[in-house]
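J.: Note that the sequence shown covers residues 2 to 210 in the numbering used here. Built from N, CA and C at the ideal position, the CB exists for glycine as well. All values derive from a computational prediction rather than experimental measurement. Pasting in a structure now, in structure tokens, and then I'll have a few things to ask.
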Amino acid sequence: MVDSILFDLDGTLWDSTEIVAEAWNEVLAKEPKVDMTLTADDLRRLFGRPLPVIASMLFTELPENEQLDLMDRCCHQEHIALSKKCGTLFPELENTLKILQKNYKLFIVSNCEDGYIETFLKASGLASYFTDFECPGNSGLLKGDNNKLVMERNQLKAPVYVGDTQGDADAASYAEIPFIFARYGFGSVESYKYSVDAFAQLPDLISSL
2 MVDSILFDLD
12 GTLWDSTEIV
22 AEAWNEVLAK
32 EPKVDMTLTA
42 DDLRRLFGRP
52 LPVIASMLFT
62 ELPENEQLDL
72 MDRCCHQEHI
82 ALSKKCGTLF
92 PELENTLKIL
102 QKNYKLFIVS
112 NCEDGYIETF
122 LKASGLASYF
132 TDFECPGNSG
142 LLKGDNNKLV
152 MERNQLKAPV
162 YVGDTQGDAD
172 AASYAEIPFI
182 FARYGFGSVE
192 SYKYSVDAFA
202 QLPDLISSL
């Protein structure tokens, strides 16, 4: 019987890409070494990867240290933007979290920078539903190890992981926990046993596991 749920963030709980694209473009417009304008669709194809990987994919003309510095500046600007305007929460998100919280402890594990999950929790007003969270920006670890870290820290016995990318599926496999594919999200997964087409379907699925 499942006792807890670990969630990915982008493409699973919300879509912040419109706001983040605008924020990043503000920074990029002032960067003389980079000539690009990003769209929300560009970010949907990139999100889920560790930020250094995203930086290397976008800013190929820059040396690594400059890639990371530029990414840091983009992330700082996105936090400012998202603190003023919340990203798009997926339908029935809070109502479903309210149902799930009655029977399971809820967590967030995302491949994001420090402060991003906190920004989501504050902007969405959903902090009370989550027991704990973790990310590489805080721990220095990637998603699979962060899954294990959250499991150990909270003494979880039978968690599941909900996410929308192959990276999420791989991280769940690494932590040896069941994976639920959020088919409504940004990415694709090669193979999976469990899936939902809407966030609101999670309570029925998880209760059957």
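#1: Since L183 sits in a beta bridge, which residues does DSSP pair it with?
#2: Using the three-state DSSP reduction, which class does T120 fall into: helix, strand or coil?
#3: So D11 and F48 are in contact, right, with Cβ under 8 Å, and what is the actual spacing, rounded?
#4: I'd like to know whether the C-beta atoms of P204 and I81 end up nearer to each other than 8 Å.
#5: Compute the Euclidean distance between the alpha carbons of G186 and G164, then round it to the nearest angstrom.
#6: Using C-beta distances below 8 Å, list every residue in its chain close to E93, excluding the 5 sequence neighbours before and after it, in chain order.
#7: Work out the CA separation of L142 and T1 for me, nearest whole Å.
#8: Could you spell out the range, first to last residue, of the beta strand (DSSP E) harbouring Q5?
#9: With a cut-off of 8 Å on the beta carbons, I'd call T61 and L44 a contact; round off their distance for me.
#10: Assuming A172 and G145 form a contact by the criterion Cβ under 8 Å, report the distance between their Cβ atoms to the nearest whole angstrom.
#11: Identify the continuous alpha helix (DSSP H) that holds K85 and give its terminal residues.
#12: Can you tell me the Cβ-Cβ gap for Q78 and A24, rounded? I've got them flagged as a contact below 8 Å.
#13: Nearest to L157 by CA position, among L63, I178, Y193, Q167, is which residue?
#14: For I55, which of D42, N155, L69 has the nearest alpha-carbon?
#15: Can you list, in chain order, the residues of its chain with a C-beta nearer than 7 Å to that of P51? Leave out the 5 residues immediately preceding and following it.
#16: How many angstroms separate the CA atom of K106 from the CA atom of V190?
#17: Could you compute how far the alpha carbon of T166 sits from the alpha carbon of F182?
#18: Of the choices T38, S208, P33, whose alpha-carbon is the least far from that of P160?
#19: How far does the beta strand (DSSP E) with E135 in it reach, from first residue to last?
#20: When DSSP builds the beta bridges, which residues end up paired with I109?
#21: Within its chain, find whatever has a CB closer than 7 Å to the CB of I109; leave out the 5 residues flanking it on each side and keep chain order.
T.: In short:
#1: The sequence given here has Ala at residue 183, not Leu. According to DSSP, which records beta bridges pairwise, A183 is partnered with V197.
#2: Note: T120 maps to helix in three-state DSSP.
#3: Right, their Cβ atoms sit about 4 Å apart.
#4: No.
#5: Rounded to the nearest angstrom, the two C-alpha atoms are 8 Å apart.
#6: Cβ-Cβ distances below 8 Å link E93 to A199, F200, A201 in the same chain, with the five nearest sequence neighbours on each side left out; the list follows chain order.
#7: Here the chain covers residues 2 to 210 and nothing more, so residue 1 does not appear.
#8: In the sequence under discussion, the amino acid at residue 5 is Ser, which differs from the Gln named in the question. Membership of S5 in the beta strand (DSSP E) is indicated by the continuous run 5 to 8.
#9: The pair is not a contact, with the Cβ atoms about 17 Å apart (cut-off 8 Å).
#10: Correct: roughly 4 Å between the Cβ atoms.
#11: First-last of the alpha helix (DSSP H) with K85: 65 to 85.
#12: Right, their Cβ atoms sit about 4 Å apart.
#13: Out of L63, I178, Y193, Q167, the CA that lies nearest to the CA of L157 is found in I178.
#14: Residue L69 is the option with its Cα nearest to I55.
#15: So the list reads N112, P137, L143, once near-sequence residues are dropped.
#16: Cα to Cα, K106 sits roughly 25 Å from V190.
#17: Their backbone Cα atoms lie some 8 Å apart in a straight line.
#18: Here the closest residue by C-alpha is S208.
#19: Where E135 is concerned, the enclosing beta strand (DSSP E) stretches over 133 to 135.
#20: Under DSSP, the beta-bridge partners assigned to I109 are F8, F134.
#21: Here I109 has F8, L10, I118, F131, F134 as same chain residues with Cβ atoms under 7 Å from its own Cβ, once five neighbours each way along the sequence are excluded.
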